[in-house]
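A.B. asks: Below is one structure. I have some questions about it.
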Amino acid sequence: MVVVGADTTESIKTLDFGKAFPDRLIQLGIAEPNMISVAAGLAAAGKIPFAATYSVFGSAHTYNVIRQNVAYTNLNVKIFCSHAGLTVGPDGATHQINEDIALMRGIPRMTVLVPADGPETAKCVDAAAAMKGPVYCRFSRTNVPTVTSSEDGFAIGKARVVRDGFDLTLIGCGIMVARCLEAAQLLEREKISARVINLSTVKPLDLATIDRAARETGGIVTAEEHTVVHGIGAAVASAIASNHPVPIAMVGVQDVFGESGEAEELLRKYGLTAEKIVEAAHDVVKRRDR
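All residue numbers for the sequence shown refer to my numbering, where the first residue is 1487 and numbers rise by one.
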């Protein structure tokens, strides 16, 4: 395993890897497309390269290089990107990539991971290193609640039911899994039983778990720190439309850019809260019961 970075090794902590393995961290400066190309070359030479930087630079700025040099050639490159979504905060809209899941899940051969917390991010690293082929993994800058443990199972391509329920299903990824669990507790006070699914693998999608949730609970709410345009909501909606259509609502960033602000302020302003998930759940239950 080797790590290639683009002048962000200190802020995303890959510098610690370099201290332990100084000959296996390659710092390329502010040259993200070159970083991806170097990673592709290392993969072609038999290494397992992890290309790591901020999500906006590791996905949007490098999109065509990833498509041509990594996915098209099916090279074993792992792109692990921090600072995704609105919770980048004060850096503002230019750094708040809310479209990267959409970009990466549209590329053939690309696996897309969105871990819920720190322990699950570590599992994503291990699982990505063990599999062959390109992987994109995105995670947040801000501190998030720990909702998984080292004992929990994890497998690429498998969603995990973290809370059972029967009246509807809440499907979240990344930091929104914790908010789905909070929403489920709020709904429980209203005698509404909500199943919660951690969709840490966006691609390949766990169609069996999603189909079972649609059939058993009759309604779905998705929640993501990402645009609702071609995010997990769109992926889940497409899956259930093909198999077992049920009412669905999507909680996420609408078709807008973000702005500068503190992470929690932005999440509230753009509607990425447990309360908004509860509102969406009420809407889904109402439409289902018409």
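Where is the CB? At the ideal position from N, CA and C, for every residue including glycine.
(1) Check for me: the beta strand (DSSP E) holding Phe1566 runs from which residue to which?
(2) Buried or exposed: where does Thr1580 fall if 16 or more other Cβ atoms within 10 Å of its Cβ makes it buried?
(3) Quick one: give me the first and last residue of the beta strand (DSSP E) that Cys1623 is part of.
(4) Where does Asn1629 sit, in a helix, a strand or coil, going by DSSP?
(5) Only counting the same chain, and skipping five residues up and downstream in sequence, which positions put a Cβ closer than 7 Å to that of Asp1653?
(6) Using only the alpha-carbon positions, how far apart do Ala1641 and Gly1744 sit?
(7) Which stretch, first to last residue, makes up the beta strand (DSSP E) that contains Ile1726?
(8) Is the stretch 1603 to 1618 touching the stretch 1727 to 1734 in the sense that three or more CB pairs, one from each, lie closer than 8 Å?
(9) So, at 8 Å on beta carbons, what are the nonlocal neighbours of Asp1697 in its own chain, with the 5 sequence-adjacent residues on each side left out?
(10) Please state the DSSP three-state secondary structure of Lys1499.
(11) Secondary structure at Arg1646, three-state DSSP: helix, strand or coil?
(12) Excluding the five sequence neighbours on either side, which residues of its own chain have a C-beta within less than 7 Å of the C-beta of Lys1762, listed in chain order?
(13) Thinking C-alpha only, which one of His1547, Ile1552, Lys1564 and Tyr1549 is nearest Val1490?
(14) In this structure, does DSSP put Val1556 in helix, strand or coil?
(15) Got a sec, what are the start and stop residues for the alpha helix (DSSP H) Ile1706 sits in?
(16) From the DSSP output, in three-state form, read off Pro1594 for me.
(17) Can you tell me where the beta strand (DSSP E) holding Ala1517 begins and where it ends?
(18) Roughly how many angstroms lie between the CA atoms of Leu1753 and Ala1709, to the nearest whole one?
(19) Between which two residues does the alpha helix (DSSP H) harbouring Arg1675 extend?
(20) Assuming Gly1689 is part of the beta strand (DSSP E), what are its boundary residues?
(21) What does a CB cutoff of less than 7 Å around Tyr1540 pick up in its chain, not counting 5 residues either side in sequence?
(22) Determine the DSSP secondary structure at Ile1696, reduced to helix, strand or coil.
(23) Given 8 Å as the limit, tell me if Glu1748 has its C-beta closer than that to any heavy atom belonging to the ligand SAH.
(24) Could you check how far apart the C-beta atoms of Tyr1549 and Leu1589 are, in whole angstroms? I think they sit under 8 Å.
(25) Who are the Cβ neighbours of Arg1553 in its own chain at under 8 Å, not counting the five residues just before and after it?
(26) Could you pull out every residue in the same chain whose Cβ sits closer than 6 Å to the Cβ of Ala1749, ignoring the five residues on either side in sequence?
C.D. replies: Reading off the structure:
(1) Lys1564 to Ser1568
(2) exposed
(3) Val1621 to Arg1624
(4) coil
(5) Ile1678, Ser1679, Ala1680, Thr1703 and Val1771
(6) 32 Å
(7) Unbroken run through Ile1726 is the alpha helix (DSSP H), Ile1718 to Asn1729; no beta strand (DSSP E).
(8) no
(9) Ala1725, Ile1726, Asn1729 and His1730
(10) coil
(11) strand
(12) Val1737
(13) Lys1564
(14) helix
(15) Segment Ile1706 to Thr1713 is the beta strand (DSSP E) holding Ile1706; no alpha helix (DSSP H) there.
(16) coil
(17) Element bounds for Ala1517: n/a, residue is neither H nor E.
(18) 12 Å
(19) Run containing Arg1675: none; DSSP gives neither H nor E here.
(20) The amino acid occupying residue 1689 in the given sequence is Lys; Gly does not appear at that position. Taken as a continuous stretch (DSSP letters only), the beta strand (DSSP E) holding Lys1689 covers Thr1687 to Lys1689.
(21) Thr1494, Cys1567, Ser1568, His1569 and His1581
(22) helix
(23) The model on display carries no ligand, and the ligand SAH is accordingly not part of it.
(24) 6 Å
(25) Ile1593
(26) Thr1573, Gly1575 and Thr1628
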